[in-house]
Structure formats: C-alpha cells, structure tokens
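The listed protein sequences derive, respectively, from chains A and B. Its first residue numbered 1, the first sequence is counted upward by one per residue in this note's numbering. Its first residue numbered 1, the second sequence is counted upward by one per residue in this note's numbering. Using N, Cα and C, we set each Cβ at its ideal position, and we do this for glycine too. The structure displayed is predicted, hence computed values, not measured ones. For reference, the structure discussed in these notes is given below.
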Amino acid sequence: MPEKLFKINPKEYILPGNRTCQGCGLSLAYRYILKALRENTIMTIPASCLTVLHGLYPITSVNVPCLNCTFASTAASASGLVAGLAAMNRTDTTVVAMAGDGGTFDIGIQALSGAAERGTDFIYVCYDNEGYMNTGTQRSSATPIGALTTTTPVLTKQQNKKDMMKIMEAHDIPYLSMSSPSFPVDLYDKFVKAKRIKGTKYMQISAPCPPGWVFPPKETVKLGRLAVETGVVVLYEIEDGKLRLTGRSKTLAEKGNRAPLLQYIEKQGRFKKMSMEQLGKMQKWVDTKWNEYIRRAEE
Amino acid sequence: MPVRILTGNQAAAEAVKLCKVQVVSAYPITPSTSLTEYLAEWIERGVLKAEYVRVESEHSVMTVCVAASTVGARVFTSTSSHGLLYMHEQLHWAAGSRLPIVTCVINRGVGAPWSIFNDQQDSIAQRDTGWIQLYCRDNQEIIDTVIQAYRIAEQAYCPVMVCYDGFVLSHTMMPVEIPDADRVNGFLPPYKPHTILSQEAPRNINPVIFPNQRRDADGILRDGYMEFRWKLQHALEGARDVIVDVNREFAAAFGRDHGGMLWEHKLEDAEVCIVGIGSIASEATMAADILREEGIRAGVVGIRSYRPFPRAEIREALKKAPAIVIFEKNISYGYEGALCADIKAALYGTGVEAPVHNYIAGLGGRDVKAAELADAVRSSLADIAGGVRERQTWLNCVTE
Numbered sequence: 001m002p003e004k005l006f007k008i009n010p011k012e013y014i015l016p017g018n019r020t021c022q023g024c025g026l027s028l029a030y031r032y033i034l035k036a037l038r039e040n041t042i043m044t045i046p047a048s049c050l051t052v053l054h055g056l057y058p059i060t061s062v063n064v065p066c067l068n069c070t071f072a073s074t075a076a077s078a079s080g081l082v083a084g085l086a087a088m089n090r091t092d093t094t095v096v097a098m099a100g101d102g103g104t105f106d107i108g109i110q111a112l113s114g115a116a117e118r119g120t121d122f123i124y125v126c127y128d129n130e131g132y133m134n135t136g137t138q139r140s141s142a143t144p145i146g147a148l149t150t151t152t153p154v155l156t157k158q159q160n161k162k163d164m165m166k167i168m169e170a171h172d173i174p175y176l177s178m179s180s181p182s183f184p185v186d187l188y189d190k191f192v193k194a195k196r197i198k199g200t201k202y203m204q205i206s207a208p209c210p211p212g213w214v215f216p217p218k219e220t221v222k223l224g225r226l227a228v229e230t231g232v233v234v235l236y237e238i239e240d241g242k243l244r245l246t247g248r249s250k251t252l253a254e255k256g257n258r259a260p261l262l263q264y265i266e267k268q269g270r271f272k273k274m275s276m277e278q279l280g281k282m283q284k285w286v287d288t289k290w291n292e293y294i295r296r297a298e299e
Numbered sequence: 001m002p003v004r005i006l007t008g009n010q011a012a013a014e015a016v017k018l019c020k021v022q023v024v025s026a027y028p029i030t031p032s033t034s035l036t037e038y039l040a041e042w043i044e045r046g047v048l049k050a051e052y053v054r055v056e057s058e059h060s061v062m063t064v065c066v067a068a069s070t071v072g073a074r075v076f077t078s079t080s081s082h083g084l085l086y087m088h089e090q091l092h093w094a095a096g097s098r099l100p101i102v103t104c105v106i107n108r109g110v111g112a113p114w115s116i117f118n119d120q121q122d123s124i125a126q127r128d129t130g131w132i133q134l135y136c137r138d139n140q141e142i143i144d145t146v147i148q149a150y151r152i153a154e155q156a157y158c159p160v161m162v163c164y165d166g167f168v169l170s171h172t173m174m175p176v177e178i179p180d181a182d183r184v185n186g187f188l189p190p191y192k193p194h195t196i197l198s199q200e201a202p203r204n205i206n207p208v209i210f211p212n213q214r215r216d217a218d219g220i221l222r223d224g225y226m227e228f229r230w231k232l233q234h235a236l237e238g239a240r241d242v243i244v245d246v247n248r249e250f251a252a253a254f255g256r257d258h259g260g261m262l263w264e265h266k267l268e269d270a271e272v273c274i275v276g277i278g279s280i281a282s283e284a285t286m287a288a289d290i291l292r293e294e295g296i297r298a299g300v301v302g303i304r305s306y307r308p309f310p311r312a313e314i315r316e317a318l319k320k321a322p323a324i325v326i327f328e329k330n331i332s333y334g335y336e337g338a339l340c341a342d343i344k345a346a347l348y349g350t351g352v353e354a355p356v357h358n359y360i361a362g363l364g365g366r367d368v369k370a371a372e373l374a375d376a377v378r379s380s381l382a383d384i385a386g387g388v389r390e391r392q393t394w395l396n397c398v399t400e
C-alpha cells in the first residue's frame, strides 16, 4: 500500500490549522480532494461545516479560490461559474460545488437536479455526515434510522436514509462515485478521474462526524473503515452507467466476509436508543443495497 | 437612428443585445417570458454571443447571475411577481456581493390569490434588498434605461432593477428609437469586476464575517459585518450622482433626457402636485392636462429612481406644493402606500405643510383611466378645501 501513497500530489491546499472539530471526516476528505484536483480549481460552497473550515473573514485556511453561496443554490452557483468562465474564455478551470448532505439531499436537491439535467460541466461533491452538523446535529434525509439527533431527540429517526446516489444516477450523468476518507487513495483516484470527465460528476463521500455521531475524535478513520467493512458505506463508481466496486468494498465482495452491522452501530452514541427492530430494519436495508451493488457489478 | 414599433419586452431585449450581455439566465414567468424568449432565439442564432443558462427556478437564476458576474461576465435576467419573490434571498446576496447585475422586473401583482396582472407590489417589496430601482414610463424609456442601468451598475458596483409595468408596457407596442450600436459601445465601456477569482490570488468570497473588524494575516484591520453594510448604504446614496450623471451623458449622446432621479410635468405653477411611479405617473400627466383644461393647475412628479430615493429632488419639487396627491400600485399593509410614506418622510422638517392624499390604485390590473385620476384629484382638492389633510383611498375598489 505505501507505494500507492507516493503518487498522491504532495502539495497541500489546506493550510495548517482550521476551525473544524477534532477528528473531522470532512477535513480529511477535503485535503485529498484538493490534492487530486490540483491548480486551476474554483470552489463554490453553501453554508455548511465546509464554510467553517474555509475560515472567518478576513482569514482563510484554504489556498483555492472559493465563492460562498446560499444554502439552496450550490449547484446553480457552479452553473453560473461555468457559464461566466465560458463567456470569459476561461474553460480550463475545474468548477467544484461542495455541500453537506443537508445542502444536497434536502435544500439543494432542486438546483443540483437542474444542473445535472443540463449536463453542466462540473464536479458536485456531497460530504455526507448524515445530518445538519454545522447547526448542531439536526435530522436530515441522510440520517440513518435509529439515530438520535436534536430534532429526533426521544424517538430517534424513523426512516432509512435517502438513496441520493440512485437519484443522481437517474440523471444519466457520466460519472458518480462513493468514497470514504478512511480510504484516501481510493478517494483520490476517483477525483483524478472525475476531473478528466466532461459533464456533471456526482461524488458522495461518507464523512464521519465525532460530535454528531458521538464517538471519540481519534476513532474517525477506524469508524469510516467499519462503515465500509459492514457495507453501510460501499466504495464504488458508476461510469457511463457501469457500476464497479472499488478498493476495500471490491475485496469484501470477492471474499464475502462483510462484518455485521452491529459492530458499526455499537461504536456510536447516536444509536444508543436504537431498537432491535430498527437494527434489523437497517441491516436489511444494508443487505439489500449490498446485494444490488454486487449484482450490478457483475453485469 | 431607426424607429421601430416594439413592445416593452422587445425594447428591453434590444437593449440587452446592444449592451453585449455575456450571460443570460432566466425562468419563465408571465409577463416577463417573451423578453427571455427573444434573447434565447438571438443567442441560439448567434446574433447575440452569450451563454444562456436555462435553470429550474428563479432562485437559481439569480444565483447564476451572481456567480457569472463574480468571474467577470456582464449578466442579465428578467422576472416578475413570484419569480422576483422567489429570488429574494439571492437579491440580498447579489447586492451584498456588490455585483453590477441588471434585472428587468416586469411588474405584476403578488398572490395569494393568483394574479397575472400588473401592479408594483413585487418590486416595491424588494425595496430593502440593496438594489437600485429604476422605473420606466414608456417603451423608449425601457430601452434607454436598460443601457443606462449597466453604466450605473458597473460604476456604482450595485445591482439595478429596471422596473416597468406588466402588459401596460411589456405587451403594448409603441414607436421606439433604437440607439446606434457604436454609440452604445462608446457609452458603455467593458465591465471590470472588482475581484477576480483566480489561483494566483485565491480568495474566499463572502465567507462568515464577525460583527467587529478583524485583522487579516498581514495584520491589517479589515471590515466587520457592519462596515460592509455601511458601504452598501453609502454606495446606494452615492448612486444618486451616478444616476443623474449617466442620464445627462446619455442625453448628450442620444438626445433623450428621461430625468435623473425623477421627472416633472407642468410643475412650475401647480396648485396640486400628483406623484406616481411608472406608467401610472405617465397616465397622471394626461389627468393633469385634463384638469388644466378645467382651470385646475395640476402638475406631476414621476419617480424614476425609487432606491436610492430622490430625497433632495422631492423636497425641491414639492417645496411650493399647496396639495399633494400620490397614486401608487402597491400597499404596505397596515400602513399606507410605500411611496406615500417615503415622500412624507422626505418632507419632514422642510416646512412643507401640504396635505397629502394617498390613492392605492390599479392593484392586480384593476383599470385606472386618466379621467378617473382627474376625478380623484378633484375629490381630494374638495376635501382639502374642507380641511382633510390625510386620506387613504382605494381607487375603483369596493371598500364597504
């Protein structure tokens, strides 16, 4: 494995020190995303944990130009950048919109759907920390069943997570991927590939969140790995409609040794009120999705 | 210069073409739609070299305008009514970003219940978003004002709404003189963005900002949130001079003077001053002429720039007014017409003690004829003679 790490762009685009929480999964992922995208990238980001990472005026921790936008408008902001740059003959710039799961699955879905349908040439990144974490852990449509949030504080979330990848795939875009900062080389490779592809690229990243998911900050990478080991998060990409499992998920599929969901659940305080029924329901959801990925990967 | 018979929307589209707009984004809404259709056709035919972004909502329209303007493109959009209301968040964002976006607002009533017809509730409700608002009284003024709007916006770094009445102007044909393209090029230099988003000097534009000033990495004290707000207010206040100068320069170049902040009609000896915005003000000039034929010396003030508000010009125009009658197509619920409130505020402390009568008229397309405006003025003068200093009347409306 170490030799694989050597190919990673050594340049750092996030300066030392930023305002994210200890053990932030987003922070880790963002470092590798920017390394993969390299120079000549323009970011556009809505109100989110990423805004916090980018810093408070007049100081920023990120060495990449960035246009902040309103919560619902991320993908439209990217569309405006693409159109404006085209009008200015600056077509060699990679435009990247990046929002959390609330900004993507919920309030940003309309603008994202529009931009994808138009085939806008940009990369859309959703870092999915499964809730409104920047405002203090409220429920989003990406929150898993059985999770405690400040807006599901007693009964826990009652529904399974929305399958945003499927929604985006239905837009017939040329490239989609799912990755995890616990597997940085896999994540890096996917962004290197996305940068080369024309059209709308949708990149979803599972970003473990220590305060929101309630686990010790030092466990972030371990928890991200557990998510993959249990099949809660599946590493894959869909290129021109063809699904391919990647990295650890591919190995898991080949060896058939996926770990039981409970190993992932019991490490997180947010699931402390999860009922056995909910656990069973989520295990079934994970299994169904997993089998679907395997079937599609074999097609 | 050629004269053509154009609708208001055609006139606006011709202006957009003359201004060599580089990015257009729009979403269909009556009565703005046809304007964006003309632009789409010209762009697809290559007559206008621009990007056209056909987004899924007005919220995204204004977002596209903000982002494209940020990277240096001259941008345009138009909308009406609920489309403008749906943009509301982005209107604040555009003004806060100090971007010279020009938007035609083809004025239309606001639901519930639905109305597709004209009044000015939509744009008046956006009064406090930090946009310059210019209003037009005819189609010639529309084409000329859009051209001026880009000059004003790019000089003041403030977005500009060019407002005109739905159907009354947008879909009514009038003779319009088309300005010469070369002369427009001379009048309107290329847009220079205040900030460039580039790798060489990475910036984080519009991040979270603290209430107080804060030092940057080089130790220089930078603005806090309130300084940003003050600068926007200062820019809008300063835009008065820009609007007046640009109108003067335009008049010199093209031979048409539409007034700077406002325009006047037979005001010198007026015993009653009628004030309005947009097409109701031009209709009021006909009412004034009717009244003058009867020996009532009526004059008209038409507000051209509603924001920035023509405080000084209003004080000057109304300083000798024995009576003031204001017609407007909006209502600030629970108070009075927004223009009436603003005019009264502008006159505070000036010694003008004239009675002010406020007529709410033409909401949701309710027809108002010049003769009815003249009737209203007559009735107000009678009441004023009887000592009624303030009055709010809903014209042509059953209020019992």
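{"Item": "As an exercise, report each continuous beta strand (DSSP E) stretch of at least 3 residues that is fully enclosed by the region 120-176 of chain A, in chain order.", "Value": "122-128"}
{"Item": "When the Cα atoms are used, what is the spatial distance from Val408(B) to Met161(B)?", "Value": "A question about residue 408(B) goes unanswered here, because the residues of chain B that appear run from 1 up to 400."}
{"Item": "If you scan the region 239-313 of chain B from start to end, which runs of the beta strand (DSSP E) of 3 or more residues do you find wholly inside it?", "Value": "262-265, 272-277, 298-303, 305-307"}
{"Item": "Which chain B residues sit within Cβ distance under 8 Å of Leu28(A)?", "Value": "Result: empty, since nearest Cβ-Cβ is about 20 Å, beyond 8 Å."}
{"Item": "Grouping DSSP H, G and I as helix and E and B as strand, with all else coil, what is Asp216(B)?", "Value": "coil"}
{"Item": "Can you give me the C-alpha to C-alpha distance between Lys320(B) and Val300(B), rounded to a whole angstrom?", "Value": "13 Å"}
{"Item": "Would the region 223-233 of chain B and the region 242-257 of chain B be scored as touching if the rule is three or more Cβ pairs under 8 Å?", "Value": "no"}
{"Item": "What residue from His171(A), Met165(A), Lys166(A), Ala142(A) has the CA that sits closest to Lys388(A)'s CA?", "Value": "In this structure chain A extends from 1 to 299, so residue 388(A) is not present and cannot be described."}
{"Item": "Just reading off the alpha helix (DSSP H) that Thr70(A) is part of, what are its end residues?", "Value": "Neither: Thr70(A) is in no alpha helix (DSSP H) and is coded neither H nor E."}
{"Item": "Does any CB atom of chain B fall closer than 8 Å to the CB of Pro153(A)?", "Value": "no"}
{"Item": "Using 8 Å as the threshold, is the C-beta distance between Gly17(A) and Ser61(A) below it?", "Value": "yes"}
{"Item": "Could you name the residues of chain B that Pro65(A) contacts, counting a contact when the two beta carbons are closer than 7 Å?", "Value": "Leu197, Ser198, Gln199, Pro202, Arg203"}
{"Item": "Would you kindly work out how many angstroms separate the C-alpha atoms of Tyr333(B) and Arg139(A), rounded to a whole number?", "Value": "37 Å"}
{"Item": "Can you tell me whether Tyr188(A) is helix, strand or coil according to DSSP?", "Value": "helix"}
{"Item": "Mind pulling the chain B residues with CB within less than 9 Å of Glu39(A)?", "Value": "Gln199"}
{"Item": "Pull up the DSSP beta-bridge partners for Thr220(A), would you.", "Value": "Answer is none; Thr220(A) lacks a bridge partner."}
{"Item": "What in chain B is Cβ-close to Thr51(A), meaning under 7 Å?", "Value": "Pro207, Val208"}
{"Item": "Let me check one thing: in DSSP terms, what residues is Thr200(A) bridge-paired to?", "Value": "Phe122(A)"}
{"Item": "Restricting to runs no shorter than 4 residues, where is the alpha helix (DSSP H) found entirely within the region 49-137 of chain B?", "Value": "58-70, 81-86, 88-96, 121-124"}
{"Item": "Does any residue of chain B bring its CB to less than 8 Å from the CB of Asn160(A)?", "Value": "no"}
{"Item": "Please classify Val24(B): does DSSP put it in a helix, a strand, or coil?", "Value": "strand"}
{"Item": "Counting C-beta neighbours from all protein chains within 10 Å, is the total for Gly216(B) 16 or more, i.e. buried, or is it exposed?", "Value": "It is worth fixing the name first, because residue 216(B) is Asp in this sequence and not Gly. When all chains shown are included, Asp216(B) counts as exposed."}
{"Item": "What is the DSSP secondary structure of Arg296(A), reduced to helix, strand or coil?", "Value": "helix"}
{"Item": "Count the other CB atoms, across all protein chains shown, that sit within 10 Å of the CB of His194(B); report buried if there are 16 or more and exposed otherwise.", "Value": "exposed"}
{"Item": "Report the rounded CA-to-CA distance for Leu37(A) versus Lys222(A), giving the unit in angstroms.", "Value": "26 Å"}
{"Item": "Round the Cβ separation of Thr137(A) and Gly131(A) to the nearest angstrom and send it over; I've been treating them as touching at under 8 Å.", "Value": "5 Å"}
{"Item": "Run through chain A and tell me which residues come within less than 7 Å of Asp216(B), C-beta to C-beta.", "Value": "Pro58, Ile59"}
{"Item": "What is the C-beta distance between Gly8(B) and Leu169(B), in whole angstroms, given that I count them as a contact (C-beta under 8 Å)?", "Value": "4 Å"}
{"Item": "Name, please, each residue of chain B whose Cβ falls closer than 7 Å to the Cβ of Gln110(A).", "Value": "Glu56, Ser57"}
{"Item": "Closer than 9 Å, Cβ to any Cβ of chain A: which residues of the region 64-86 of chain B, in chain order?", "Value": "Val64, Cys65, Val66, Ala67, Ala68, Ser69, Thr70, Val71, Gly72, Ala73, Arg74, Val75"}
{"Item": "For Ile167(A), decide whether its Cβ has a neighbour in chain B, counting only Cβ atoms nearer than 8 Å.", "Value": "no"}
{"Item": "Which residue wins for smallest C-alpha separation from Cys158(B), given the options Glu283(B), Ile290(B), Gly238(B)?", "Value": "Gly238(B)"}
{"Item": "Of all the residues that make up the region 65-82 of chain A, which are near chain B by a beta-carbon distance shorter than 7 Å?", "Value": "Pro65, Cys66, Leu67, Asn68, Cys69, Thr70, Ala72, Ser73, Ala76, Ser77, Ser79, Gly80, Leu81"}
{"Item": "Only counting the same chain, and skipping five residues up and downstream in sequence, which positions put a Cβ closer than 6 Å to that of Lys201(A)?", "Value": "Ile123, Tyr175, Ala194"}
{"Item": "Is it the case that the region 304-316 of chain B contacts the region 126-133 of chain B, given that we only count it when at least three CB pairs across the two stretches are under 8 Å?", "Value": "yes"}
{"Item": "I need the boundaries of the alpha helix (DSSP H) containing Gly8(B), first residue and last residue.", "Value": "8-18"}
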